[in-house]
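**Q** Numbering (this note's numbering), first residue to last: 9 to 327.
Please find one structure pasted underneath; my questions will follow.
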C-alpha cells in the first residue's frame, strides 16, 4: 500500500460512523467533508437474520438490486463505500455476514472499494468470500486496550484483543487490506504510556506496519450513555472531566459532534506516535475523530490527486 498517499492526503476514512438514512431514500450518501472525493457511506436497513450464503431473503435481494440501480445511474460512481459502524466501542455491531458480503461483491463488480469495520471473529467461509474480492475490500479492526477488565467493560460485544490481532494477521496473509485502529482512545483511561505501550507492542508483533488512532468523541445524546456505561466501574468522572474543555463542530446537514480540545488530543497523539515509532509503526490520525486538524476548504487538484492515489493503493493486493 502507498502509505505516503494516505498520510499526505490526511484521509482516514474507515471509521466514519454514518447515520443510516430512512428506508426508501438513497442507499448512498456522501461522507461529510469528502463530497468531492467520491467517498460514500451506505445505509443497510432491514433484517439480516434470514440470509445465508445460499439463500438470501427477499428484502436483501431488493436492496442489492436497488444499490445496483443506484450505482448504474450515478454520473460519477464512488471510489469508496464505507459500511456503518458506531463510534462507541460497546455498541452492538452488524456482523460481516452473508448479507453484507452480497453488497461487498456487488461493489466489487462495479470496481468500488468497500470499507468494513470488524470487532468480531470471522468464519473461514467469510474470509474466503472476502479474499475472492480482496483488492476491493478494506477491513478496519479497532482495538482498545490490553487490560482485560477494560475490554470486558467497554467491549462486551467484541472478540478478545488477541483474537482480533490474529484476524488482522490472517486477513493480511490472505491478501486483504487490513488496518488496525487504536480507536476510540478513552481520555484518562486508555491514553497513558502504561496502557498504550503494551497495546502497540502487541500490534507490532502481528507484522502490521501502521496504525490509525482517534480519541473518543460524542454524538448528540451520547454523554448520558457514556456515563451509564462508565459509572459502575468508577470511570465516569475520570473520562467525562476531559470534555470540560471541548470543541463542538457541526457541518451543514450533519449532527453536532463534541471533541476533546485540540491541545488535549495533540498531547495524547504525540505520546502514541512516539511509542509507535519505538516499535517501528507509523501512526496516522483518524480524520473522522479530528476534523479540525484539516483545512476546511474544498480539496485542490493536488489533494484530489492524492486521494485518487490512495484509492488505487487500496486495490493492490499485498504480496
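Virtual Cβ for every residue (Gly too), placed ideally from N, Cα, C.
Keep in mind that this is a model prediction, so the values were computed, not measured.
Going straight from the alpha carbon of residue 203 to that of residue 81, what length do you get?
**A** Taking the chain shown and counting its residues from 1, one reaches residue 203 at position 195. Taking the chain shown and counting its residues from 1, one reaches residue 81 at position 73. Roughly 49 Å separates the two Cα atoms.
**Q** Check for me: the beta strand (DSSP E) holding residue 153 runs from which residue to which?
**A** Working through the chain shown from its first residue, we reach residue 153 at position 145. Premise fails: residue 153 is in no beta strand (DSSP E) and is neither H nor E.
**Q** With DSSP run on the structure shown, which of helix, strand or coil describes residue 185?
**A** For the purposes of this step, residue 185 is taken as residue 177 along the chain shown, with counting starting at 1. Three-state result, residue 185: strand.
**Q** Does the Cβ-Cβ distance between residue 243 and residue 165 come in under 9 Å?
**A** Counting from 1 along the chain shown, the entry for residue 243 is found at position 235. Counting from 1 along the chain shown, the entry for residue 165 is found at position 157. Note that the C-beta distance between residue 243 and residue 165 is not below 9 Å.
**Q** Give me, in chain order, the residues of the same chain whose beta-carbon lies closer than 7 Å to that of residue 266; leave out the 5 immediate sequence neighbours on both sides.
**A** One-based indexing of the chain shown puts residue 266 at position 258. Counting only Cβ-Cβ distances below 7 Å, and skipping sequence neighbours, we find 225, 226, 251, 254 and 256.
**Q** Three or more C-beta pairs under 8 Å: does that hold for the segment 108-123 against the segment 72-81?
**A** Touching, per the Cβ criterion.
**Q** Between which residues of its own chain and residue 108 is the CB-CB distance below 8 Å, once the five residues before and five after are set aside?
**A** Looking up residue 108 in the chain shown gives position 100. Excluding residues within five positions, the ones whose Cβ falls inside 8 Å are 52, 56, 91, 102 and 124.
**Q** Excluding the 5 residues flanking residue 228 on each side, which residues of the same chain have their C-beta closer than 8 Å to its C-beta?
**A** Mapped onto the chain shown, residue 228 falls at position 220. Counting only Cβ-Cβ distances below 8 Å, and skipping sequence neighbours, we find 263 and 264.
**Q** Identify every residue that forms a DSSP beta bridge with residue 48.
**A** By one-based count along the chain shown, residue 48 stands at place 40. According to DSSP, which records beta bridges pairwise, residue 48 is partnered with 38 and 89.
**Q** For residue 304, which residues from the same chain have a beta carbon less than 7 Å from its beta carbon, with the 5 sequence-adjacent residues on both sides left out?
**A** Your numbering for residue 304 matches position 296 in the chain shown. For residue 304, the predicted structure reports a pLDDT of 47, less than 50, and the residue's modelled location is therefore unreliable. A value from the coordinates is still provided. Excluding residues within five positions, none has a Cβ falling inside 7 Å.
**Q** Give the DSSP-derived three-state secondary structure of residue 43 in the structure shown.
**A** Numbered from its first residue, the chain shown carries residue 43 at position 35. Model confidence at residue 43 stands at a pLDDT of 49, short of 50, so the residue's coordinates are unreliable and nothing is read from them.
**Q** Alpha carbon to alpha carbon, what distance is there between residue 292 and residue 68?
**A** Working through the chain shown from its first residue, we reach residue 68 at position 60. Working through the chain shown from its first residue, we reach residue 292 at position 284. Cα to Cα, the separation comes out at about 36 Å.
**Q** Would you list, in sequence order, the uninterrupted alpha helix (DSSP H) runs of no fewer than 4 residues that lie entirely inside the segment 80-126?
**A** 106-117
**Q** So, residue 298 versus residue 273, is the Cβ gap smaller than 9 Å?
**A** The residue labelled residue 298 in the question sits at position 290 within the chain shown. The residue labelled residue 273 in the question sits at position 265 within the chain shown. Yes, these two residues count as a Cβ contact at 9 Å.
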